[in-house]
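Note that my numbering has the sequence shown beginning at -13, numbered continuously upward.
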Amino acid sequence: MFAAGSLAAGLADSAGPLIVARAVQGLAAAAIAPAALALAVEQFPSGPGRGRALGVWGAVSGAGGAGGVLLGGVLTEAWGWPWVFHAVALGSVPVLAAVVALVPAEPPRAARRGAGRFDLAGTVVVTLALTGLVWGLTTARGAGWGDRRVVGSLGAAVVLLAAFTVIERRRPNPLIPPRLLTTGRVAVGNLLMALLGSVWIALFFFLPLHQQQVLGSGPLATGAAQLPLAAANMLGAALAPRLSRRVGATTTLVAALLTEAAGLLWLARISADGSYATDVLGPSLLVGLGLGTAFVGLTALAVDGVPPRDSGLAGGLVNTTRQVGGAIGLAVLTTLAGSVTAHAAAHQPHREALAAGFRAAFALSAGVLAVTALLAVLLVRRTGGRAATAGPPVPEPPAPGHEPGYQPEPEHEGGRARAELPG
-13 MFAAGSLAAG
-3 LADSAGPLIV
7 ARAVQGLAAA
17 AIAPAALALA
27 VEQFPSGPGR
37 GRALGVWGAV
47 SGAGGAGGVL
57 LGGVLTEAWG
67 WPWVFHAVAL
77 GSVPVLAAVV
87 ALVPAEPPRA
97 ARRGAGRFDL
107 AGTVVVTLAL
117 TGLVWGLTTA
127 RGAGWGDRRV
137 VGSLGAAVVL
147 LAAFTVIERR
157 RPNPLIPPRL
167 LTTGRVAVGN
177 LLMALLGSVW
187 IALFFFLPLH
197 QQQVLGSGPL
207 ATGAAQLPLA
217 AANMLGAALA
227 PRLSRRVGAT
237 TTLVAALLTE
247 AAGLLWLARI
257 SADGSYATDV
267 LGPSLLVGLG
277 LGTAFVGLTA
287 LAVDGVPPRD
297 SGLAGGLVNT
307 TRQVGGAIGL
317 AVLTTLAGSV
327 TAHAAAHQPH
337 REALAAGFRA
347 AFALSAGVLA
357 VTALLAVLLV
367 RRTGGRAATA
377 GPPVPEPPAP
387 GHEPGYQPEP
397 EHEGGRARAE
407 LPG
């Protein structure tokens, strides 16, 4: 399905078919990502093994991003943007062959969750709610916050989200079972991942625009310029499990979020007269390092304590919250950047006005991550437990009377027996 959507996107000759093809890609990707994550979680129980597996997961994602931005620049500059999609369609063929050859035919336990009807009502309602929310936020910049369409869209989104909550409580097979949000630290992990996603997707939207529209870089140079960020992302993902075991998962997560926030705050100093080496390279390394480490930590947090039968569901939920957070964050940040640019264009050249809008977006992104780090300190420790990357799970204490070295003694006058441990 992903290959077919990619091929259709490359053949699209107008915006409508392109959007539909991209929706097909998104639907397929939404099924691929949690299924793959469920396989990894199923193979590695909570502890150091899962931490290393998620570190590899994050590093591979960074490698894919590095190859994608570079190859995308080459294809766009050589043959045009449609070949970005054609290449994905062609590349899916050997990937499909590898999956068929390597993934066991027997599905993991996580996939065998039992029969049940698909929650169509919940799916439709929450999709319409999120679509209305993102559309209203995106349209507000041009139409104004008081526009009837914007107010109606945002109001409908609130009503539909409330209806979704009611539907999920009454459905025998809800799209998001309430038990999942009370398992381990799933709710906290997804909240923090949504905030990270709101900055993540916007970063890769604004940074190439600044390089092309302000600094004047071509597609190939812009793609190559993303490689240091992608390499730092891979390094952060690879180091995340080791850092978590050494200093603790919560400390590692907070430090990663603050590192990324520092990089974005540095990007908020870009100017129309700057260059890639002086304005973008240094902060890109900080952003990539923090992003890779935080991604692994939050993914581990969002599946920590989840039973195998719900691992695919937990993986799908954290992937969804990241994407939904990204859509909402991008809508808010583009509205902010567009408004600042429009205001600055009245008394500044176009390139300087664009840079002003991008600076505002990066500054707000840094603030969002600072708040996310604060929430991580307050919420993660309050929920207790250890993240999956922090180290081996803490064993449950033995039941009274089953401690190592237990030697019962005759009952004394109080009717109670004493258990003594050697030493």
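Virtual Cβ for every residue (Gly too), placed ideally from N, Cα, C.
Identify which residue in the options has its Cα closest to the Cα of residue i.
i: Thr320; options: Phe191, Ala258 and Arg367; result: Phe191
i: Leu299; options: Ala9, Val27 and Ser(-8); result: Val27
i: Leu40; options: Leu284, Leu365 and Gly324; result: Leu284
i: Leu225; options: Leu195, Ile314, Phe281 and Leu287; result: Phe281
i: Ala352; options: Leu76, Ala331, Ala362 and Ser184; result: Ser184
i: Ser257; options: Leu350, Gly343, Ala16 and Pro294; result: Gly343
i: Pro20; options: Thr307, Ala263 and Arg367; result: Thr307
i: Ala313; options: Ala188, Val357 and Asp259; result: Ala188
i: Thr169; options: Val292, Ala16, Val366 and Gly302; result: Val292
i: Gln197; options: Val145, Trp186, Ala263 and Arg165; result: Ala263
i: Ala362; options: Ala242, Ala14, Val86 and Arg127; result: Ala242
i: Gly268; options: Val55, Gly53, Val304 and Leu213; result: Leu213
i: Gly128; options: Leu(-3), Thr279 and Gly324; result: Gly324
i: Leu181; options: Ala75, Gly311, Val172 and Leu119; result: Gly311
i: Arg367; options: Val174, His333 and Met179; result: Val174
i: Phe104; options: Gln11, Gln334 and Pro163; result: Pro163
i: Gln410; options: Val354, His336 and Ala75; result: Because residue 410 is not part of the residues shown, which for the chain are -13 to 409, the question remains open.
i: Gly77; options: Gly54, Val120 and Trp121; result: Gly54
i: Ala217; options: Leu166, Leu57 and Ser47; result: Ser47
i: Ala17; options: Asn305, Val172 and Thr358; result: Asn305
i: Gly12; options: Pro294, Arg295 and Thr113; result: Thr113
i: Val74; options: Thr237, Gly(-4) and Val240; result: Gly(-4)
i: Leu167; options: Thr358, Ala64, Leu287 and Ala143; result: Leu287
i: Gly204; options: Val354, Gly50, Thr358 and Leu56; result: Leu56
i: Asp265; options: Arg345, Thr117, Ala84 and Thr327; result: Arg345
i: Thr62; options: Leu206, His329 and Val240; result: Leu206
i: Arg295; options: Trp131, Arg165 and Ala143; result: Arg165
i: Ala143; options: Trp131, Gly315, Thr117 and Gly132; result: Thr117
Could you pull out every residue in the same chain whose Cβ sits closer than 7 Å to the Cβ of residue i, ignoring the five residues on either side in sequence?
i: Arg38; result: Pro227
i: Ala376; result: With a pLDDT of 40 at Ala376, under the threshold of 50, the modelled position of this residue cannot be trusted, and the question is left open.
i: Pro194; result: Thr208
i: Ser297; result: Ala24, Val27, Glu28, Ala96 and Val289
i: Gly108; result: Phe150, Ile153, Glu154, Arg157, Pro160 and Leu161
i: Pro383; result: Summary for Pro383: the model assigns pLDDT 41, below 50, so the residue's position carries little reliability; its value from the coordinates is reported in the next sentence. So no residue of the chain qualifies.
i: Ala248; result: Leu272
i: Leu147; result: Ala115
i: Thr245; result: Leu272, Leu275 and Gly276
i: Val111; result: Leu146, Ala149, Phe150 and Ile153
i: Phe30; result: Arg36 and Ala39
i: Val354; result: Leu181, Ser184 and Val185
i: Thr238; result: Ala226, Leu229, Ser230, Thr279 and Gly283
i: Gly58; result: Val70 and Gly209
Who are the Cβ neighbours of residue i in its own chain at under 6 Å, not counting the five residues just before and after it?
i: Pro3; result: none
i: Pro80; result: none
i: Ala356; result: Ala247
i: Met(-13); result: Ala14
i: Ala331; result: Ala339
i: Trp121; result: Ser139
i: Pro381; result: Legend: pLDDT at Pro381 = 40, less than 50; position of this residue unreliable, value from coordinates given subsequently. Within the same chain, Pro381 has no close Cβ partners at all.
i: Glu301; result: Checking the sequence, you will find Gly at residue 301 rather than Glu. Counting only Cβ-Cβ distances below 6 Å, and skipping sequence neighbours, we find Pro20, Leu23 and Ala24.
i: Gly51; result: Ala216
Below 8 Å CB to CB, which residues in the same chain sit around residue i once its five sequence neighbours on both sides are set aside?
i: Ser261; result: Leu201
i: Ala349; result: Leu250, Leu251 and Ala254
i: Gln334; result: Ala342
i: Ala49; result: Ala216 and Met220
Any chance the CB of residue i is under 7 Å from a heavy atom of the ligand NAD?
i: Ala349; result: Of ligands this structure carries none, so the ligand NAD is not represented either.
Under the assumption that residue i contacts residue j (Cβ atoms under 8 Å), give the Cβ distance between them as a whole number of angstroms.
i: Thr125; j: Arg135; result: 7 Å
i: Leu215; j: Ser270; result: 4 Å
i: Leu322; j: Ala347; result: 6 Å
i: Ala7; j: Ala(-2); result: 6 Å
i: Ala223; j: Gly278; result: 4 Å
i: Asn176; j: Leu364; result: So it is not a contact: roughly 16 Å between Cβ atoms.
i: Met220; j: Ala45; result: 5 Å
i: Leu140; j: Leu119; result: 7 Å
i: Val425; j: Leu123; result: The chain is shown only over -13 to 409; residue 425 falls outside these bounds and no answer can be derived.
i: Leu178; j: Thr358; result: 6 Å
Would the region 67 to 77 and the region -12 to -4 be scored as touching if the rule is three or more Cβ pairs under 8 Å? Taking 8 Å as the limit for Cβ pairs, the verdict is that the region -12 to -4 does touch the region 67 to 77.
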